[in-house]
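Inspection log for the structure reproduced underneath, given as structure tokens.
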Amino acid sequence: MRRFLGMVLFSVAVPLSMVLLSRVVYFIDGWAEHGALYLGLPTGYGAAVANVLLLMAGVVQTTAAALTVGERKWSAMIQNRIGPNRIRILGLSAGGIFFLLADALKMITKENIEPSARSRVLYELAPMAAFAPSFVLFAVVPVGPPVDLHVGAAVHRIALQVADIDAGLLFVFGAASLAVYGTALAGWSSNSKLAILGGVRASSQMISYEVSLGLALVGAMMASQSLRLEQMVEAQGRLLFGFLPALGFFLQPIGMLIFFVSAFAETKRAPFDLPEGESEIVGYFVEYPGMKFGMMFLAEFIEVVVLAAITSAVFFGGWHPVFFEAYLKQTLSPVWFASVCAGAFLGKVLLLCWLQLVIRWTLPRFRFDQIQKLCWKMLLPAALGNVFLTGALILIDPSLELLAVVGLLEIVAVIAITGAVSRRVPAGGRTSAAREAVAAAPH
Amino acid sequence: MPYQLEDQDADLREQMYFPEVIRGVGILMRQFLRNFFFGREKNPDLLARDRSLSQNATVAYPEERVAYPPGYRGLHRLVPREDGKPRCVACYMCATVCPAQCIYIEAGEYPDDPIEKYPVKFVIDELRCVVCGFCVEACPKDAIRMDTGEHAPPSYDRAAQVWDETRLLRGPPVSYQYDPWLRRGSPSIPKEKLAEMRARAKPFPANAGDEYAQTPGFSVRALAAEAKARGELLGRF
Chain A
5 MRRFLGMVLF SVAVPLSMVL LSRVVYFIDG WAEHGALYLG LPTGYGAAVA NVLLLMAGVV
65 QTTAAALTVG ERKWSAMIQN RIGPNRIRIL GLSAGGIFFL LADALKMITK ENIEPSARSR
125 VLYELAPMAA FAPSFVLFAV VPVGPPVDLH VGAAVHRIAL QVADIDAGLL FVFGAASLAV
185 YGTALAGWSS NSKLAILGGV RASSQMISYE VSLGLALVGA MMASQSLRLE QMVEAQGRLL
245 FGFLPALGFF LQPIGMLIFF VSAFAETKRA PFDLPEGESE IVGYFVEYPG MKFGMMFLAE
305 FIEVVVLAAI TSAVFFGGWH PVFFEAYLKQ TLSPVWFASV CAGAFLGKVL LLCWLQLVIR
365 WTLPRFRFDQ IQKLCWKMLL PAALGNVFLT GALILIDPSL ELLAVVGLLE IVAVIAITGA
425 VSRRVPAGGR TSAAREAVAA APH
Chain B
128 MPYQLEDQDA DLREQMYFPE VIRGVGILMR QFLRNFFFGR EKNPDLLARD RSLSQNATVA
188 YPEERVAYPP GYRGLHRLVP REDGKPRCVA CYMCATVCPA QCIYIEAGEY PDDPIEKYPV
248 KFVIDELRCV VCGFCVEACP KDAIRMDTGE HAPPSYDRAA QVWDETRLLR GPPVSYQYDP
308 WLRRGSPSIP KEKLAEMRAR AKPFPANAGD EYAQTPGFSV RALAAEAKAR GELLGRF
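Respectively, the protein sequence lines represent chains A and B.
Just so we're on the same page, the numbering used here is the position in the first sequence counted from 1, plus 4.
Just so we're on the same page, the numbering used here is the position in the second sequence counted from 1, plus 127.
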């Protein structure tokens, strides 16, 4: 019971702390902008630098690092175990968070063993080439809405977004494809047959899935008629039929599914983890010791966070606190409203990270031909069909209401098919009812 | 008991792949939330745990221990009499039957009692012991038992694994009505003590049932329950 109350408290405290964190970021952004203007820098410079430091280096990095422990702890909960709890400070295991320190210490102090026949420059470059692009993706993600902040006597318009560039989603595609270089270079430059096979697997998988990744977002682009992520988020704040928020999830459920799967393949995690396959087959970073491996490892988790951020921005309404928006806007001051919005966004990101970890622990690894089949024979045709369907529906009804109706029908269909479990009796076995009867009988 | 699943082709719904994945994710989410919100029951008796909320099956070993079954062969002990001396009469049966030859006995006599023998030295090398339990079976006096429910504790040197009579002689005392020192009396036992021991003695079991497999008051489960009551089994997780 004590744990139940504690966990309920924890679940309430996390969103609240997200809101407070957003408020702090807004505050620091405001002062950074003020200082930058005072120093004579152009508008938006100070806030952008503060955002890079706070959001990208702070929030994303911290979340990704915490996810490495979270994965162990959460998988333990899924599998009826306790999980890491042996490192204790003052008798507290604190959910295993101290393993972060132990991991960091281990990575940093490990002996640096390098293959003698490596191509040196590329070998050193590869972890950074894997690390940087996934990081950069977060630059275009709008974390919080723009708001007028009063700093001293001046008023600055601050948004929690590093860069609002016209290319928007195209930048996302471009930066995401750069991640291939990291894996391919790591495989090639280690001068190891196993590593290069892993690198080739990684490249082929990532290049395949980029096709469906791009096509899956075309529908969402058409619906919001923009490539800029902040405008896509803005467009999702409208109400259709007067009550239904125009979320990408309602307009583009199939597109969301395809995007999520493709992006999942881009992160190279189970069930798509055959480029690395840490446990059995050997991956592209076999020859990397210590912190270089650590960077590859961390890059994976940063990709998880960034994927969650982009999915929630494009399909789950970004920073809109969906159903409570009107009420919150009336009751709160603009700055606090913006903070709540940003907190809602961070909460969505956390939920989607959690969803990804759950999926990672649900499915076993694909075989290579299954991966390619899934991409080229299922996702790609479905994505193309989705593009045509969306285009036609928007052409017929530019108010998107028809698109929403079809989207809701798609969701209902998916739920119906998922729920329609055929109760086949396994030969030689028992039905579930018979098994329960046996289990209930006294031993 | 695992039940056989016939190897059959996937039906259309399963071939669509995603519905099944969504179902699987749903199952795992439920399991996660269950174990997230509800704490693990710490009952070391796994089968008695209430699994309706959290299904966590872990026993955090060094802090919590599963009670061993009554027949578990643990560390040896030399069973004491009521007056604190060993029941052992140094007959060498256990040392003879021991397949690992890990028991060493030196016999001695109580100076004022010409009949009674006792072990001056009784040494068991726990590293050589194969835990077969033959010594317990061979003993005619129920003087050696393996009912402590403990493992041989780890040590940094081999010498610590050689247990002599001072370490082996422990646990609750046992007296049987036919014990020679009770029937005849013994100069080494004071008169009033002897009367008390006679009063407490039981008949020797004709065949060893569950009641005799475990000394009353020395049950492993009871020890675990006591430790739990003292709060030693409650770690923080």
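Don't be surprised by glycine CBs; every beta carbon is placed ideally from N, CA and C.
Who are the neighbours of residue i on chain A, taking C-beta pairs under 7 Å?
i      : result
N162/B : M81 and N84
A137/B : What A137/B touches in chain A: nothing, since even the nearest Cβ is about 11 Å away.
A187/B : I86
Does residue i come within less than 8 Å of chain B when only Cβ atoms are used?
i      : result
W365/A : yes
V18/A  : no
F372/A : no
A70/A  : no
V416/A : no
V362/A : yes
S21/A  : no
Can you tell me whether DSSP reads residue i as helix, strand or coil?
i      : result
H154/A : strand
V250/B : strand
V159/A : strand
R27/A  : helix
R297/B : coil
Y379/B : Only positions 128 to 364 of chain B appear in the structure, and residue 379/B is not among them; the question remains open.
V64/A  : helix
V289/B : strand
T148/A : The amino acid at residue 148/A is misidentified as Thr; the sequence shows Gly. Note: G148/A maps to strand in three-state DSSP.
L367/A : coil
P207/B : strand
K114/A : coil
K244/B : strand
K212/B : coil
For residue i, decide whether its Cβ has a neighbour in chain A, counting only Cβ atoms nearer than 8 Å.
i      : result
N183/B : yes
A175/B : no
R140/B : yes
M143/B : yes
P146/B : yes
D295/B : Residue identity check: residue 295/B is Leu in the sequence provided, not Asp. Not closer than 8 Å to any Cβ of chain A, the Cβ of L295/B fails to qualify, so no.
A217/B : no
L205/B : no
L321/B : no
L309/B : no
L155/B : yes
N170/B : no
D337/B : Residue confidence for D337/B is low, a pLDDT of 46 falling below 50, so the modelled location carries little weight; the figure read from the coordinates is stated next. Not an interface residue.
Please list the partners that residue i has in chain A, where partner means a Cβ-to-Cβ separation under 8 Å.
i      : result
Q167/B : The amino acid at residue 167/B is misidentified as Gln; the sequence shows Arg. Result: I86.
R150/B : T422 and V425
F249/B : Within chain A, no residue comes near F249/B; the closest Cβ sits about 40 Å away, beyond 8 Å.
For residue i, which option in the options has the closest C-alpha, if you only look at C-alpha atoms?
i      : options                           : result
F320/A : L378/A, V237/A and L406/A         : V237/A
W340/A : A17/A, F31/A and M5/A             : F31/A
C259/B : R311/B, D291/B and C229/B         : C229/B
F253/A : G246/A, I262/A and T422/A         : I262/A
D269/B : V257/B, R310/B, R208/B and I242/B : R208/B
L384/A : S266/A, G281/A, A408/A and P131/A : S266/A
Q83/A  : D172/B, D177/B and M156/B         : M156/B
R294/B : E253/B, R161/B, R150/B and L139/B : E253/B
M260/A : D239/B, W290/B, F145/B and Y130/B : F145/B
V186/B : L406/A, G50/A, N89/A and A61/A    : N89/A
S123/A : A190/A, L25/A and C379/A          : A190/A
V28/A  : D168/A, A239/A, L153/A and L231/A : L153/A
G198/B : E141/B, P307/B, R272/B and D136/B : R272/B
Counting only Cβ pairs nearer than 7 Å, list the residues of chain B close to residue i.
i     : result
M11/A : F163 and F164
R7/A  : F165 and G166
Taking residue i as the query, report the chain A residues whose CB atoms sit under 9 Å from its CB, ordered along the chain.
i      : result
P196/B : Chain A residues near P196/B: none, gap ~15 Å exceeds 9 Å.
Q158/B : M81, I82, Q83 and N84
If the cut is a Cβ gap below 9 Å, which residues of chain B does residue i touch?
i     : result
W78/A : F159 and F163
Listed in chain order, which residues of the stretch 373 to 397 of chain A have Cβ atoms closer than 8 Å to some Cβ of chain B? L378 and M382
Give me the subset of the stretch 248 to 268 of chain A whose CB atoms are less than 9 Å from a CB atom of chain B, sorted by chain position. L261 and V265
Just by C-beta distance, which residues in the stretch 250 to 278 of chain B are closer than 9 Å to chain E? Of the protein chains in this structure, namely A and B, none is chain E.
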